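To keep things clear, I will list the structure first and then write my remarks on it.
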Amino acid sequence: MKILLALIKKEIKQILRDPSSIIIAFVLPFISIMIYMYGINLDSVKITMGVKNDDNSPEVATLVKSFGHSKYINSINYDNMEDIKTAVLRSKIKGAVVIPNDFSTKLSRGEKADLLVITDGSETNTANYVQSYAITIANQWLSSSKFSRKIKRPVITAESRTWYNPDLNSHYFIVPGSIAITMTLIGILLTSLVVAREWERGTMEALLSTSVKPIHIVLGKYIPYFVLGMMSMAFNVFLCVGIFKIPFRGNYFILFVVSGLFLFTSLGIGLTVSSKLKNQFLSSMVAMSLGFMPALMLSGLMYPINSMPEFFQHLTRIIPPRYYVSFIESEFMAGTIPEIVIANAIFLTILGCLLFIAVYMNTSTRLDGNK
Amino acid sequence: MQTVTIKNLTKKFGSTVAIDNLSLNIEKGKITGLIGADGAGKTTLLRTIIGLLLPSEGEIDVLGFNPETQKNELNQHIGYMPQKFGLYEDLTVIENLNLYADLKQVPHDFEKMLEFTSLAPFQDRLAGALSGGMKQKLGLACTLLGNPEFLLLDEPSVGVDPISRRDLMKMVRNMISPETTVLWSTAYLDEAHSFDTAVVLDKGKVIYEGKPHDLAPTPQEFENKVIDLMGGYNKEESLIAKNYDYKAPDVELTVEADNLEKRYGSFYAVKNNTFKIKKGEIFGLLGPNGAGKSTSFKMMCGLAKPTSGTARIMGTDIIKHPAKARSNLGYMAQKFSLYGSLTVRQNLDFFALVYGISILKRKEKVDEIIEVFGLKEYEKCPAEELPLGLKQRLSMAAALIHNPPVLFLDEPTSGVDVLTRRDFWNHITSLAKKGVTILVTTHFMDEAEFCDRISLFYKGQTVAIGTPEELKQKAGANDMETAFINLIKESEVDK
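Chains as they are written, first to last, in the working numbering: chain G, 1 to 371; chain H, 372 to 866.
This is the structure:
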């Protein structure tokens, strides 16, 4: 016990003297939340698109106007196709609407009228917006125009209502999700260095020649970095809820317990890599690609898991951030849902314990890796 | 009484045999010196004795414990100082002591220890900010905590000046009880000569075991005898010097330091350092750790900017025309500064390229240098896997590839075994005979005797300058080491 305390005390002093660990724990979360808050936006934005009207009737002129009046669109009028091509090519407009010359004639006869919507397939997300904006505006115009009587109204109309996030503000789930990213970084990046550093500087050899047991070394690393990680977690939550006013509908106690479990798994990844490789540069690289990249790509934060290829869907099951992201998004936006909390907590505990065993197994008491 | 009994020990790393069927007893209460060339198996033997490595075959008994199965029990009775001392550089002196006292579960009673190491005034200094000698003392202090019955020191005096070396020896002798057994691995044969027993290792085998005085009465003869045991050194004509394409310069004073000064805030790392070196002279820069030798060196090669003053290489001012001055210079840094992952040949190819040797001549030149430096066997070996002595030889080869008329060597023989050192100095003296000017630093006082002139450096200033004979006379000493210590002490009194 005294040995363990001495090792923890030593580690804390090293953390306090090393500005890089403080930067990773407190400055990095701040920067990352700023980026997620202001830099990344998955919501609709104002889009510039072209309009070419070949129909000279006064009714259709009002359709052109309503493109101009929309708050989601910046419209530019074109007279010929060549100009539209050049404008799309130069990215001046993201797409265009072409109204054919028989548009109003067909409508007044009650026939089906075509509207050409051109989108830029190199940016699929924007292309979708162009398409849906154009259709929405055209439909709105249609229902208020004099042609509306001639068109059969659909039998069913869908009235949509979004739960948990009525404004469909993507910040509300991305920013809490970013906590998962920062927690992964702290857990993995800091700890991937610390065991390797002891090997590189020769202090491990000196430690191993005393009565220190592997369990002391393992806990001597886990405990201080767990405390640091939880402090950073609290700082993250404060930034999210206190400063950026992200609504939190869950329970703080549950949030911290599950976050603690997640940190436990992250520390496990970093320490396993570090004790196995014994080289700071190599282990930080491996830890980043083994821990950080999957947290970003495969956790379901950026890309929904059920739209991934089947193999990757199965792969996400062994990635701790998957469980944490699923938990934290629902905890923030929907409040505590016992099923979600318990299921995710169980998986995190299992992964964390397996990783702890891996760290213990890789902590040798001899220089050539033997127990 | 035996502290260690080893029977038929073999230790292999893959297919390499590090320890080869070795049997050895180490007597209780004695200081045993472990001597051997680089790669002879000294460190492996120490590590196997305390259970940090497992033997491939054979039996070991240490203080009645089997290190294979009872490592933890054994560790409570020993003190081991690894080559890198095992200090936490981001902890202070006292924090390091506290940590090791807690790990060894002994009381925090450091008064005597701090007094002996004279580290008391530096208690709150970070270990990383200590000089080499002080780090060693602190490492030893941490090792001595809890009065271990068996003390194992792995080359504690590498790269340490003679004064610190004497202090270290005094510290060990004063701090241990008569029952304590010490196993001390060293490259200094004068040190080994003063021990109770000497064990000479070669290629993983014991080639001599017994009292050093039985082998030879004086340290100098002891060194010769040990060299004979290791297969002997045949002084041959230096091929390096023979093949050296030396172009006689038109200046007589090839290296000049003119009032060199380096100041950090109010602290002078180097203060009005002035000397002139003649063509073909070997000029030694001697002084304790942290005296400012390396700083002077770096300023003279244009790697550090002097606060004031300047240096001239072959008459060219290093500050005004650094590139031109440096083209006349071969520099071998204290730390191994070649590319570890490149092979011997790739390293030399690279240096040939940066020194501007034309593509057409490069292969021929590199072939020649590999041949002359005896690196043919290791041509395809990555530089980091070479034994220390060969690394130093490769560094020298890289420094000499462009046939510079001036050569700067910063502790070229630090951590190198006695055979390699002899070989090295054979090349250095032969090169000087051909007319190459050599500026060298060293901590080996026997090497200082090979210098034509010496500048003794202390606390950033020149304390004495002259031939080895003149310095010995001035200090009233018979050997260089005593002269060194006396002159440093005198300058201390003068202040």
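All residues carry an ideal CB built from backbone N, CA and C; glycine is no exception.
Fair warning: this is a prediction, and the values are worked out from it, not measured in the lab.
* G/Met-183 vs G/Ser-259 beta-carbon contact at 9 Å -> For the purposes of this step, residue 183 of chain G is taken as the residue at position 183 of the first sequence. For the purposes of this step, residue 259 of chain G is taken as the residue at position 259 of the first sequence. Result yes, Cβ atoms of G/Met-183 and G/Ser-259 sit closer than 9 Å.
* H/Leu-470: contacting residues in chain G (beta-carbon distance under 7 Å) -> As a working note, residue 470 of chain H is residue 99 in the second sequence. Per Cβ cutoff of 7 Å: Ala-6, Lys-10.
* Asked: What residues in the segment 436-449 of chain H have a beta carbon less than 9 Å from any beta carbon of chain A?
  -> In the displayed structure, chain A is absent; the protein chains listed are G and H.
* Asked: With respect to the alpha helix (DSSP H) encompassing H/Glu-865, which residues constitute its N-terminal and C-terminal limits?
  -> Translated into positions along the second sequence, residue 865 of chain H becomes position 494. Per the sequence presented here, residue 865 of chain H reads as Asp, with Glu not at that position. Start and end: 851-865.
* Nearest-angstrom Cα distance between H/Leu-434 and H/Met-372? -> Your numbering for residue 434 of chain H matches position 63 in the second sequence. Your numbering for residue 372 of chain H matches position 1 in the second sequence. Taking the straight line joining both Cα atoms gives about 10 Å.
* Asked: Applying a beta-carbon distance threshold of less than 8 Å, which residues of chain H neighbour G/Lys-13?
  -> Locating residue 13 of chain G in the first sequence gives position 13, where the first residue counts as 1. Ordered by position in chain H, the residues that pass the 8 Å Cβ test against G/Lys-13 are Asp-461, Leu-462, Glu-466.
* Asked: Is it buried or exposed for G/Lys-276, if we count other Cβ within 10 angstroms and need 16 for buried?
  -> Reading the first sequence from its first residue, position 276 is the one you call residue 276 of chain G. Its Cβ being crowded by 16 or more others within 10 Å, G/Lys-276 is buried.
* When the distance is taken between beta carbons, is G/Leu-282 closer than 9 Å to G/Ile-186? -> Working through the first sequence from its first residue, we reach residue 186 of chain G at position 186. Working through the first sequence from its first residue, we reach residue 282 of chain G at position 282. Contact flag unset, no.
* Taking the alpha-carbon positions, what's the G/Asp-54 to G/Met-37 distance? -> Translated into positions along the first sequence, residue 54 of chain G becomes position 54. Translated into positions along the first sequence, residue 37 of chain G becomes position 37. Each residue's Cα considered, the two are about 43 Å apart.
* To do: Determine, using beta carbons only, whether H/Met-484 comes closer than 9 Å to chain G.
  => Numbered from its first residue, the second sequence carries residue 484 of chain H at position 113. False, the Cβ-Cβ gap to chain G never drops below 9 Å.
* Under the rule that 16 or more other beta-carbon atoms within 10 Å means buried, what is G/Arg-322, buried or exposed? -> The residue given as residue 322 of chain G occupies position 322 in the first sequence. The residue in question, G/Arg-322, is buried, as its Cβ has 16 or more Cβ neighbours within 10 Å.
* Can you tell which of H/Ala-587, H/Lys-751, H/Tyr-559, H/Glu-755 has its C-alpha closest to the C-alpha of H/Leu-790? -> Here residue 790 of chain H refers to the residue found at position 419 of the second sequence. That would be H/Tyr-559, whose Cα lies nearest to the Cα of H/Leu-790.
* **Under 9 Å between C-beta atoms of G/Asn-236 and G/Gly-335** => To locate residue 236 of chain G, count along the first sequence from 1; it is residue 236. To locate residue 335 of chain G, count along the first sequence from 1; it is residue 335. For G/Asn-236 and G/Gly-335, no; Cβs fall outside 9 Å.
* Counting Cβ pairs closer than 8 Å, one from the segment 665-685 of chain H and one from the segment 622-632 of chain H, do we hit at least three? -> yes
* To do: Take the Cβ of H/Asp-473 as the centre, count every other Cβ of all protein chains shown within 10 Å, and call the residue buried at 16 or more, exposed below.
  => The residue labelled residue 473 of chain H in the question sits at position 102 within the second sequence. H/Asp-473 should be labelled buried.
* **Closest by C-alpha distance to G/Ile-357, when choosing among G/Leu-219, G/Leu-207, G/Pro-294, G/Ile-12** => Against the first sequence, residue 357 of chain G aligns to sequence position 357. Measuring from the Cα of G/Ile-357, the nearest candidate turns out to be G/Leu-219.
* Out of curiosity, what's the CA-to-CA distance linking H/Gln-507 and H/Pro-527? -> Residue numbering aside, residue 507 of chain H sits at position 136 when the second sequence is read from its first letter. Residue numbering aside, residue 527 of chain H sits at position 156 when the second sequence is read from its first letter. So the alpha carbons of these two residues sit roughly 7 Å apart.
* To do: Would you list the one or two residues that DSSP bridges to H/Gly-701?
  => On the second sequence, residue 701 of chain H is found 330 positions in, with the first residue counted as 1. According to DSSP, H/Gly-701 bridges with H/Leu-778.
* Hey, is G/Ser-211's beta-carbon within less than 9 Å of any beta-carbon in chain H? -> Indexing the first sequence from 1 puts residue 211 of chain G at position 211. So yes, G/Ser-211 belongs to the interface.
* Asked: Nearest-angstrom Cα distance between H/Lys-837 and H/Lys-805?
  -> As a first step, residue 837 of chain H is located in the second sequence; it is residue number 466 there, counting from the start. As a first step, residue 805 of chain H is located in the second sequence; it is residue number 434 there, counting from the start. Note on residue identity: the sequence assigns Gly, not Lys, to residue 837 of chain H. Each residue's Cα considered, the two are about 22 Å apart.
* As assigned by DSSP and simplified to three states, the class of H/Glu-460 -> On the second sequence, position 89 is the one that residue 460 of chain H refers to. DSSP places H/Glu-460 in coil when its eight states are reduced to three.
* Give the range of the alpha helix (DSSP H) segment to which G/Trp-199 is assigned. => Working through the first sequence from its first residue, we reach residue 199 of chain G at position 199. Note, G/Trp-199: alpha helix (DSSP H), 191-200.
* Mind checking which residues open and close the beta strand (DSSP E) that includes H/Ala-569? => Residue numbering aside, residue 569 of chain H sits at position 198 when the second sequence is read from its first letter. Unbroken beta strand (DSSP E) run through H/Ala-569: 568-573.
* **Spatially closest choice to H/Gly-711 from H/Gln-844, H/Val-864, H/Phe-481, H/Glu-756, by CA coordinates** => As a first step, residue 711 of chain H is located in the second sequence; it is residue number 340 there, counting from the start. Checking every option, the nearest Cα to that of H/Gly-711 belongs to H/Glu-756.
* Neighbourhood of H/Pro-620 by C-beta, 6 Å cutoff - its chain only, sequence neighbours within 5 removed -> Residue 620 of chain H sits at position 249 when you count from the first residue of the second sequence. For H/Pro-620, where only same-chain residues beyond five positions count, the Cβ hits under 6 Å are Met-685, Pro-776.
* Evaluate H/Thr-403 with the Cβ neighbour count: other Cβ atoms within 10 Å of its Cβ, from every protein chain shown; 16 or more gives buried, anything less gives exposed. => Reading the second sequence from its first residue, position 32 is the one you call residue 403 of chain H. The residue is buried, with at least 16 neighbouring Cβ atoms inside 10 Å.
* In the structure shown, what three-state DSSP assignment does G/Phe-264 receive? -> For this step, residue 264 of chain G is matched to residue 264 along the first sequence. G/Phe-264: helix per DSSP, three-state reduction.
* Is the Cβ of H/Gly-457 closer than 9 Å to any Cβ of chain G? -> Walking along the second sequence from the start, residue 457 of chain H turns up at place 86. Output row for H/Gly-457: interface = yes.
* To do: Helix, strand or coil for H/Ser-556, going by three-state DSSP, please let me know.
  => Start at 1 with the first residue of the second sequence, and residue 556 of chain H comes out as number 185. Correct three-state label for H/Ser-556: strand.
* Asked: Quick one, which of H/Phe-487, H/Asp-688, H/Met-671, H/Gly-603 has its alpha-carbon nearest H/Tyr-702's?
  -> Translated into the one-based positions of the second sequence, residue 702 of chain H becomes position 331. Nearest C-alpha to H/Tyr-702: H/Met-671.
* To do: Label H/Gly-457 either buried or exposed according to how many other C-beta atoms from any shown protein chain fall within 10 Å of its C-beta, with 16 as the threshold for buried.
  => Mapped onto the second sequence, residue 457 of chain H falls at position 86. The residue is buried, with at least 16 neighbouring Cβ atoms inside 10 Å.
* Asked: With distances taken between CB atoms, is the gap from G/Glu-265 to G/Lys-221 smaller than 9 Å?
  -> Taking the first residue of the first sequence as 1, we reach residue 265 of chain G at position 265. Taking the first residue of the first sequence as 1, we reach residue 221 of chain G at position 221. Looking at the sequence provided, one finds Thr at residue 265 of chain G rather than Glu. For G/Thr-265 and G/Lys-221, no; Cβs fall outside 9 Å.
* To do: Could you tell me the boundaries of the beta strand (DSSP E) in which G/Tyr-78 lies?
  => One-based indexing of the first sequence puts residue 78 of chain G at position 78. Start and end: 73-78.
* Closest Cβ-Cβ distance between H/Gln-494 and chain G: below 9 Å? -> Looking up residue 494 of chain H in the second sequence gives position 123. No, H/Gln-494 lies away from the interface with chain G (no Cβ there is under 9 Å from its Cβ).
* Buried or exposed: G/Ala-234, going by 16 or more other Cβ atoms within 10 Å of its Cβ? -> What you label residue 234 of chain G is simply residue 234 of the first sequence in a count that begins at 1. So G/Ala-234 ends up on the exposed side.
* **H/Ser-826 in three-state terms, based on DSSP** => Position 455 of the second sequence, counting from 1, holds the residue named residue 826 of chain H. Of the three classes helix, strand and coil, the one that applies to H/Ser-826 here is strand, per DSSP.
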